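Novice: First, the structure itself, so that you have it in front of you.
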């Protein structure tokens with residue numbers, strides 16, 4: 001929320017332009033949701049990168065495990081709406097979100113797996129997405 005938006009909102013309220021004020025509030029709400037979803041996606045990508053590395057390299061370092069735990073904690077906190085009873089991303093929506101995020105995660109992981117030994121195309125063929133998704137969803141539950 002910018003200072004200008006607050007000024008505009010205050011002006012609309014003081015002038016009795018309730019519809020304009022509500023339009024500003026709706027816009028701010030949409031911006032807030034978009035920002036929250038962007039942050040969730042960023043943390044989810046981190047989780048997927050580590051799960052991909054774990055699957056392909058057959059190992060899990062302490063730092064990867066700590067990063068996964070921290071990212072899952074952040075995702076859960078961000079995903080829970082202010083009312084503490086509803087979520088930005090519902091359980092049945094995770095498959096679609098994971099499907100979108102995995103492509104970026106594979107691309108990013110290709111520079112890290114075995115010190116960049118595989119291209120993103122090679123890595124994509126090696127990764128069992130179903131297994132990665134199952135693990136990710138179990139952490140997100």
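In our numbering, the protein residues as written are 1 to 141.
Beta carbons are placed, not taken as given, at the ideal position from N, Cα and C, and that holds for glycine.
Small disclaimer: the values here were computed from a predicted structure and weren't measured.
Tell me the rounded alpha-carbon separation between residue 15 and residue 78.
Specialist: Straight-line Cα distance between these residues: approximately 35 Å.
Novice: Would the beta-carbon of residue 101 fall within 8 Å of that of residue 140?
Specialist: No.
Novice: Beta-carbon separation of residue 74 and residue 109 under 8 Å?
Specialist: Cβ atoms of residue 74 and residue 109: not closer than 8 Å.
Novice: Given 8 Å as the limit, is there contact between the region 119 to 139 and the region 82 to 100, that is, 3 or more CB pairs closer than that?
Specialist: Yes, they touch.
Novice: Is residue 105 buried or exposed, if buried means 16 or more other CB atoms sit within 10 Å of its CB?
Specialist: Buried.
Novice: Please go through the same chain and pick out, in chain order, the residues whose beta-carbon is closer than 8 Å to the beta-carbon of residue 70, but skip the five residues on each side of it.
Specialist: No residues qualify anywhere along the chain.
Novice: If you count every other CB in all the chains shown that lies within 10 Å of the CB of residue 51, and 16 or more means buried, which is it?
Specialist: Under this definition residue 51 is a buried residue.
Novice: When you compare each of 137, 115 and 72 to residue 56 by their alpha carbons, which one comes out closest?
Specialist: Answer by Cα proximity: 115.
Novice: Please report the residue range of the alpha helix (DSSP H) in which residue 74 lies.
Specialist: 62 to 79 is the span of the alpha helix (DSSP H), which, as asked, contains residue 74.
Novice: Alpha carbons only, please: which of 137, 66 and 61 is nearest the one belonging to residue 113?
Specialist: Nearest of 137, 66 and 61 to residue 113, Cα basis: 61.
Novice: For the alpha helix (DSSP H) containing residue 108, name the first residue and the last one.
Specialist: Element bounds for residue 108: 94 to 109.
Novice: Can you give me the start and stop residues for the alpha helix (DSSP H) that residue 85 sits inside?
Specialist: That residue, residue 85, is in no alpha helix (DSSP H); it is neither H nor E in DSSP.
Novice: Counting along the chain, where does the alpha helix (DSSP H) carrying residue 35 start and finish?
Specialist: 18 to 57 is the extent of the alpha helix (DSSP H) around residue 35.
Novice: Please report the residue range of the alpha helix (DSSP H) in which residue 138 lies.
Specialist: That run of the alpha helix (DSSP H) goes 129 to 140.
Novice: Measure from the alpha carbon of residue 99 to the alpha carbon of each residue in 17, 41 and 33, then state which is nearest.
Specialist: Checked all of 17, 41 and 33; the closest Cα to residue 99 is 41.
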